[in-house]
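Inspection log for the structure reproduced underneath, given as structure tokens.
Chains as they are written, first to last, in the numbering used here: chain A, 11 to 291; chain B, 11 to 291.
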């Protein structure tokens, strides 16, 4: 595995792979890698000739009151995990390589970015989309691998790729979970032991909804009520939002007539966790 | 010359040229081609292996009260001119090929787009940048040719290409002028004969400024006063703006200490014309 931090070097490599007709699979990350990330690398390993992983804690996607400074980092551990997963190139640019001091240009997006997580994190998805667009132009991959845990992010990036005609295919892979159902996330490292136990409430609530759906319940309002009750019963949990949405447009649904997505964000102490589940009637 | 209107066909061709290491020179236009456009094609002919010209009257860059519906068009004449200029591929997508019915994604830009022409044409440069970004992703050229007449456009696109790390080099070529100095523009076709004569006032004003600069005058205020007076003396002309700006940032200058740009927009009857000149002290 080769580690590189210079943007121009990565771009030259990307261009040479593209003109050499080598299929590059790209896994963009913010580091502090867990099995969810590794599963993306393993999938890329099966389908592509070259795997590029980026580690870049993107300041554009953090709000002023958010956790940029304390976001967990483990460069040495991350490099070892990438090497074990068979990654070919680890791209670790610093901030000034990727973002101008006074950035003027951004990937803008209406509708999809100002709902759900976009409400409590204004500017977040614009920051995500902008950095992903820049990374795609540098790495020039054939396939982009994203994890389903960040569901809204996959919709936003998918829409950007489609609408801007970016020459890359987006592959969304299933969320990887701990044994007790908690979705893997770098932010799980913030949780105190008691909070860690409480954090399973997201998965428990989703599975209760799924079970109720199987009994024939189709009302989004009644299904969401199950989530509210379950989260409400967990003292250290506070609901940010729970919605059942059209998986393409993120618009809230009244009834589940075809495949829908249950999406939720829950504060466990000072840590905000998100999760989602496909609901098939 | 091959004419194609399908986006996917153009994209496949672009990808094959890129992987074949053929240098593509791309000239995006809104059609109704004049010698300014042709000069871009001729320059591309000298420097690249394949020339692609697009003709697309981009609705995103027209305001609701602007001239989209009456924008001049001449598909047959344009095709002949392209063929004569040695163009290899003429890309003429229709609107639905390039723009979703309900577009959600755009290339956003702060500062550079809300000054000069951006004041009287809000949303214009965002529309330009968005369509150029999409066209670049489809055509995948090595070199992008732009005319200097649309100076702010060259700055906006240059900044987008730099900041998003787009794998293309921007080449800005000099404005081509009629014998009497009027910058060539598709919109000149709107001018009535008397207006056509009056339209030379832009060039005359700029040359007066240049002459005054040569005498040692460095005050932007005093140099701009020359433009105001000259435009004021032309009955059918009405000034939109005249500024002397930093050519990279478009910020207005007080004094001309190094290369600056005189930029102006003038209404001649119901037609708005723009022009610009490099000022070297």
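Heads up, the beta-carbon is just placed ideally off N, CA and C, and yes, glycines get one too.
Since the model is a prediction, treat every value here as computed from it, not as a measurement.
On a CA-only basis, which of the options is nearest residue i? Give me that one, please.
| i | options | result |
| --- | --- | --- |
| residue 195 (chain B) | B:262, B:48 and B:165 | B:48 |
| residue 98 (chain A) | A:65, A:13 and A:213 | A:13 |
| residue 71 (chain A) | A:131, A:273, A:55 and A:178 | A:131 |
| residue 158 (chain B) | B:138, B:186, B:76 and B:223 | B:186 |
| residue 207 (chain A) | A:189, A:217, A:219 and A:221 | A:189 |
| residue 214 (chain B) | B:241, B:68 and B:16 | B:241 |
| residue 31 (chain B) | B:219, B:58 and B:39 | B:58 |
| residue 65 (chain B) | B:107, B:53 and B:26 | B:107 |
| residue 2 (chain A) | A:216, A:82, A:110 and A:77 | Summary: the structure shown does not reach residue 2 (chain A), with chain A confined to residues 11 through 291, and so no result is reported for it. |
| residue 258 (chain B) | B:129, B:143 and B:272 | B:272 |
| residue 183 (chain A) | A:250, A:45, A:200 and A:235 | A:45 |
| residue 250 (chain A) | A:121, A:42, A:126 and A:113 | A:126 |
| residue 113 (chain A) | A:78, A:166, A:263 and A:69 | A:69 |
| residue 218 (chain A) | A:145, A:228 and A:236 | A:236 |
| residue 179 (chain B) | B:166, B:199 and B:155 | B:155 |
| residue 61 (chain B) | B:28, B:228 and B:82 | B:28 |
| residue 160 (chain B) | B:239, B:15, B:199 and B:274 | B:274 |
| residue 84 (chain B) | B:199, B:228 and B:234 | B:199 |
| residue 142 (chain B) | B:228, B:63, B:238 and B:89 | B:63 |
| residue 102 (chain A) | A:15, A:166, A:33 and A:144 | A:15 |
Could you check the C-alpha separation between residue i and residue j for me, to the nearest Å?
| i | j | result |
| --- | --- | --- |
| residue 173 (chain A) | residue 289 (chain B) | 40 angstroms |
| residue 204 (chain B) | residue 153 (chain B) | 39 angstroms |
| residue 281 (chain A) | residue 140 (chain A) | 25 angstroms |
| residue 247 (chain B) | residue 265 (chain B) | 27 angstroms |
| residue 74 (chain A) | residue 177 (chain A) | 33 angstroms |
| residue 244 (chain B) | residue 252 (chain B) | 15 angstroms |
| residue 223 (chain A) | residue 291 (chain A) | 7 angstroms |
| residue 87 (chain B) | residue 95 (chain B) | 12 angstroms |
| residue 91 (chain A) | residue 123 (chain A) | 32 angstroms |
| residue 216 (chain A) | residue 147 (chain B) | 40 angstroms |
| residue 269 (chain A) | residue 136 (chain B) | 35 angstroms |
| residue 55 (chain B) | residue 35 (chain B) | 8 angstroms |
| residue 279 (chain A) | residue 267 (chain B) | 58 angstroms |
| residue 40 (chain B) | residue 128 (chain B) | 19 angstroms |
| residue 104 (chain A) | residue 67 (chain A) | 9 angstroms |
| residue 77 (chain A) | residue 134 (chain A) | 12 angstroms |
| residue 100 (chain B) | residue 255 (chain B) | 36 angstroms |
| residue 26 (chain A) | residue 232 (chain B) | 53 angstroms |
| residue 53 (chain B) | residue 42 (chain B) | 19 angstroms |
| residue 175 (chain B) | residue 175 (chain A) | 16 angstroms |
| residue 228 (chain A) | residue 121 (chain A) | 26 angstroms |
| residue 138 (chain B) | residue 138 (chain A) | 23 angstroms |
| residue 226 (chain A) | residue 234 (chain A) | 15 angstroms |
| residue 33 (chain B) | residue 22 (chain B) | 15 angstroms |
| residue 181 (chain A) | residue 260 (chain B) | 41 angstroms |
| residue 144 (chain A) | residue 82 (chain A) | 23 angstroms |
| residue 239 (chain A) | residue 166 (chain A) | 30 angstroms |
| residue 89 (chain A) | residue 89 (chain B) | 55 angstroms |
For the beta strand (DSSP E) that residue i lies in, which residues bound it at each end?
| i | result |
| --- | --- |
| residue 12 (chain B) | 12-14 |
| residue 264 (chain A) | That residue, residue 264 (chain A), is in no beta strand (DSSP E); it is neither H nor E in DSSP. |
| residue 99 (chain B) | 99-101 |
| residue 200 (chain A) | Per DSSP, residue 200 (chain A) belongs to no beta strand (DSSP E) and is neither H nor E. |
| residue 55 (chain B) | That residue, residue 55 (chain B), is in no beta strand (DSSP E); its alpha helix (DSSP H) goes 45-57. |
| residue 288 (chain A) | 281-289 |
| residue 292 (chain A) | This structure cannot settle anything about residue 292 (chain A), because the visible part of chain A is limited to 11 through 291. |
| residue 274 (chain A) | 270-278 |
For residue i versus residue j, is the C-beta distance shorter than 8 angstroms?
| i | j | result |
| --- | --- | --- |
| residue 150 (chain B) | residue 24 (chain B) | yes |
| residue 51 (chain B) | residue 37 (chain B) | yes |
| residue 210 (chain A) | residue 191 (chain A) | yes |
| residue 201 (chain A) | residue 276 (chain A) | no |
| residue 263 (chain B) | residue 221 (chain B) | no |
| residue 80 (chain A) | residue 11 (chain A) | no |
Span of the alpha helix (DSSP H) holding residue i?
| i | result |
| --- | --- |
| residue 86 (chain B) | 85-94 |
| residue 20 (chain A) | 17-29 |
| residue 213 (chain B) | 211-224 |
| residue 109 (chain A) | Looking at the DSSP string, residue 109 (chain A) is not in any alpha helix (DSSP H), and its letter there is neither H nor E. |
| residue 125 (chain B) | Counting along the chain, residue 125 (chain B) falls outside any alpha helix (DSSP H), and DSSP gives it neither H nor E. |
| residue 235 (chain B) | 230-242 |
| residue 173 (chain B) | 161-173 |
| residue 247 (chain A) | No alpha helix (DSSP H) contains residue 247 (chain A), which is instead part of the beta strand (DSSP E) from 247-255. |
Would the beta-carbon of residue i be found less than 7 angstroms away from any heavy atom of the ligand GTP?
| i | result |
| --- | --- |
| residue 103 (chain B) | In terms of ligand content, the structure shown is empty, and the ligand GTP therefore cannot be addressed. |
Tell me whether the region 111-124 of chain B and the region 161-170 of chain B touch, counting them as touching only if at least three CB pairs, one residue from each stretch, are closer than 8 angstroms.
yes
Please determine if the region 275-290 of chain A and the region 183-200 of chain A are in contact, where contact requires at least 3 C-beta pairs separated by less than 8 angstroms.
yes
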